[in-house]
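Quick notes on the structure that follows.
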Amino acid sequence: MAKLIYAATASLDGFIAGPGGDMSWLTEHLGGANPTADRLLARTGAILAGNVTYGGDDPNRGTDSEGAFGGEYDGPVVVLTHRPPDDAPAGVEFATDLATAVDRARTLAGDHDVNVLGADVAGQCLDAGLLDEVLMFFAPVLLGAGTPIFRRPGGQQVRLERLPGETEHWCRVVR
Numbered sequence: 295m296a297k298l299i300y301a302a303t304a305s306l307d308g309f310i311a312g313p314g315g316d317m318s319w320l321t322e323h324l325g326g327a328n329p330t331a332d333r334l335l336a337r338t339g340a341i342l343a344g345n346v347t348y349g350g351d352d353p354n355r356g357t358d359s360e361g362a363f364g365g366e367y368d369g370p371v372v373v374l375t376h377r378p379p380d381d382a383p384a385g386v387e388f389a390t391d392l393a394t395a396v397d398r399a400r401t402l403a404g405d406h407d408v409n410v411l412g413a414d415v416a417g418q419c420l421d422a423g424l425l426d427e428v429l430m431f432f433a434p435v436l437l438g439a440g441t442p443i444f445r446r447p448g449g450q451q452v453r454l455e456r457l458p459g460e461t462e463h464w465c466r467v468v469r
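For what it's worth, our numbering labels the leading residue of the sequence shown as 295, then goes sequentially.
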C-alpha cells in the first residue's frame with residue numbers, strides 16, 4: 295500500500311508559508327541539486343493536497359518551474375475540499391472527505407507513494423493515523439508568522455524516528 299509522506303520546506307522558525315499564504319520567500323531558496331528531493335519525487339505516484347495549498351501561491355508562478363517539485367512532477371493530484379468545482383482540470387480529482395481522498399490518492403499512486411501537501415491535510419492525516427512519514431526541508435530564513443508546519447490545535451505529541459540512511463529530517467511516524 296502507498297505510504298503517505300508529508301513533505302514541505304519550512305523557515306527555521308517553523309512556517310511553511312508566510313502571512314496570507316505568501317510563498318515568495320521561498321523563491322531564493324529553490325534550485326540547485328537536492329538528492330533528497332529527487333528521491334522523494336521518484337517515490338511519488340500521486341499528490342494529496344488541501345484546497346488552500348492547491349489554489350495557493352506558487353513561488354515559481356509564471357516560470358518553467360511552476361508546480362510541484364519545481365515543475366518536475368507530472369502525475370495525478372487529489373484535492374481535499376468541501377467545495378469541489380463543477381469541472382476538474384485534467385489529472386486533478388476532488389474529494390470532500392479525508393478517507394475518500396486518501397483512498398483515491400493511494401489507488402492513483404499505484405506502486406509509489408502519496409506526497410501530502412498542506413499543513414491542514416497533513417494534520418488531518420496524522421490525527422486519523424494515516425500519515426506514515428514526514429520529510430522537512432529548512433530554508434535559512436525567519437518568517438515570524440504564517441502557516442505553521444502542522445496545524446493541530448490541541449494535538450497530542452507524536453513520536454517520530456529517523457529513517458535509516460536518510461537525512462535527519464526524514465522520519466517515520468511511530469504508531
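For each residue, glycine too, the CB sits at the ideal point set by N, CA and C.
A quick note: this is a predicted structure, and the numbers were derived from the prediction, not measured.
Annotated as proximal: residue 347 and residue 412, with beta-carbon spacing under 7 Å.
Out of 409, 371, 310, 405, the CA that lies nearest to the CA of residue 436 is found in 310.
Cβ-Cβ distances below 7 Å link residue 453 to 468 in the same chain, with the five nearest sequence neighbours on each side left out; the list follows chain order.
In the three-state reduction of the DSSP assignment, residue 435 falls in the coil class. Taking the Cα positions, residue 392 is about 23 Å away from residue 334. Boundaries of the alpha helix (DSSP H) harbouring residue 400: 392-403, taken from the DSSP string. With the rule of 3 Cβ pairs closer than 8 Å, the region 443-453 does not count as touching the region 315-323.
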